[in-house]
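Novice: Numbering of the sequence shown is given in the numbering used here, commencing with residue -17 and proceeding in unit increments.
Think of the CB as a built atom: it goes at the ideal place given N, C-alpha and C, for glycine as much as any other residue.
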Amino acid sequence: MTYDWTIFLNDEFHPTFQKELSRQLLEKGSTGTGIKEFEKYNFQLIVGISDPEIKQIGNKVFAKVDFITPGSFQIPIEIYWTSKDSKNLLEIHKSDISKLNIEINWNEKIPLENILPFMDELEEPE
-17 MTYDWTIFLN
-7 DEFHPTFQKE
3 LSRQLLEKGS
13 TGTGIKEFEK
23 YNFQLIVGIS
33 DPEIKQIGNK
43 VFAKVDFITP
53 GSFQIPIEIY
63 WTSKDSKNLL
73 EIHKSDISKL
83 NIEINWNEKI
93 PLENILPFMD
103 ELEEPE
């Protein structure tokens, strides 16, 4: 499976972290965003259009990314990552994570009321 739905404009994200972020967020798309059959739509995720404002709160690191709908509607959202295998969570995205167990996830549901008018093919989840 390819994970070319994610574009990184910020050079500080290591290629292994980029691949893992793309893979995990795609796999968790339906549950993480609230959009049924998420993987069937032509969504994009862009990291680095604006400052990701990376910050650590407790054992999670949060970053702002841009979620792009098939109709090119842009929604800024937050994602997070966490790992028990690293002491320096705030810098983990800059390193090779191929040997680390890391969880990357959506921090919030997509505000469907904002995007449904632009996406005739989506129905609001029940």
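1) Going by DSSP in three states, E95 sits in which element: helix, strand or coil?
2) V47 and W63 - do their beta-carbons sit closer together than 7 Å?
3) Could you spell out where the alpha helix (DSSP H) holding F(-1) opens and where it closes?
4) For K81, name the three-state secondary structure that DSSP assigns.
5) Would you mind giving the Cβ-Cβ distance between H(-4) and S68, rounded to the nearest angstrom? I have them listed as a contact below 8 Å.
6) Should S80 be labelled buried (16 or more other beta-carbon atoms within 10 Å of its own) or exposed?
7) Quick check: L71 and Q38, are their CB atoms within less than 7 Å of each other?
Specialist: Let me lay it out:
1) helix
2) no
3) P(-3) to E9
4) coil
5) Not confirmed; about 13 Å, so no contact.
6) exposed
7) yes
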